[in-house]
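Chemist: Residues 12 to 148 in my numbering are what the sequence shown spells out, letter by letter.
Using N, Cα and C, we set each Cβ at its ideal position, and we do this for glycine too.
Please find one structure pasted underneath; my questions will follow.
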Amino acid sequence: MQFIDLKSQQDRIRPQIEDRIRQVLDHGQYIMGPEVKELEEQLASFVNVKHCITCSSGTDALLMALMVLDIGPGDEVITVLYTWISTAEVIALLGAKPVFIDVQPDTFNMDPSQIEPAITPTPGPSCRSAYTANART
Ligand SMILES: Cc1ncc(COP(=O)(O)O)c(C=O)c1O
Numbered sequence: 012m013q014f015i016d017l018k019s020q021q022d023r024i025r026p027q028i029e030d031r032i033r034q035v036l037d038h039g040q041y042i043m044g045p046e047v048k049e050l051e052e053q054l055a056s057f058v059n060v061k062h063c064i065t066c067s068s069g070t071d072a073l074l075m076a077l078m079v080l081d082i083g084p085g086d087e088v089i090t091v092l093y094t095w096i097s098t099a100e101v102i103a104l105l106g107a108k109p110v111f112i113d114v115q116p117d118t119f120n121m122d123p124s125q126i127e128p129a130i131t132p133t134p135g136p137s138c139r140s141a142y143t144a145n146a147r148t
């Protein structure tokens with residue numbers, strides 16, 4: 012059984028895809044080229060924000076979000092059990108500790124009622140980050 016029919020999706024816009032691929036091959040700017048800037052601008056406009064920064068993978072996106080918050084050794088990051096491994100992996104990669112809570116059974120989103128009980132009492136800032144990335148099948 013074919014769960015995702017990429018071919019029929021692609022067939023609808025095939026000429027446009029081929030045109031854009033040809034343009035990239037013509038200018039040869041494969042990294043950070045004009046198409047990347049165009050995509051970032053369109054995405055920012057679509058979600059109505061000033062800036063959009065693209066990156067190479069979902070894992071990098073998660074890592075960047077934690078780096079912006081300066082997450083590192085000594086920090087705990089509350090996240091969900093029901094997700095892809097990258098969600099916890101990037102927390103550990105930065106030297107922080109993942110603290111797992113569950114998702115809501117109806118939405119598969121983080122159960123907000125479990126966040127506060129999962130916060131470890133510290134003399135410093137109490138909760139800088141609770142983040143989630145759900146893998147839905
Ligand atoms: C919830 C979630 N987060 C992160 C990732 C990692 O994305 P990538 O494979 O692009 O690094 C995945 C990939 O399946 C994912 O499902």
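1) Contact defined as beta carbons within less than 8 Å: I believe Val-35 pairs with Glu-49. What is the distance between those atoms, to the nearest angstrom?
2) Would you kindly check if the distance between the Cβ of Val-101 and the Cβ of Leu-80 is under 8 Å?
3) Is DSSP giving Val-155 helix, strand or coil here?
4) Going by other Cβ atoms of all chains shown within 10 Å of its Cβ, with 16 needed for buried, is Asp-16 buried or exposed?
5) With Val-47 as the anchor, note down where its alpha helix (DSSP H) starts and where it stops.
6) What is the DSSP secondary structure of Lys-61, counted as helix, strand or coil?
7) Locate the beta strand (DSSP E) running through Ile-112, then write down its first and last residues.
8) Considering only residues of the same chain and omitting the five flanking positions on each side of Ile-64, which have a CB-CB separation below 7 Å?
Modeler: Quick look at the numbers:
1) Their Cβ separation, rounded to whole angstroms, is 11 Å, which puts Val-35 and Glu-49 out of contact at 8 Å.
2) no
3) There is no way to answer for residue 155, as the model of the chain reaches only from 12 to 148.
4) exposed
5) 45 to 57
6) Reduced to three states, the DSSP call for Lys-61 is coil.
7) 108 to 112
8) Short of 7 Å from the beta carbon of Ile-64, and not among the five residues preceding or following it, lie these beta carbons of its own chain, in chain order: Glu-51.
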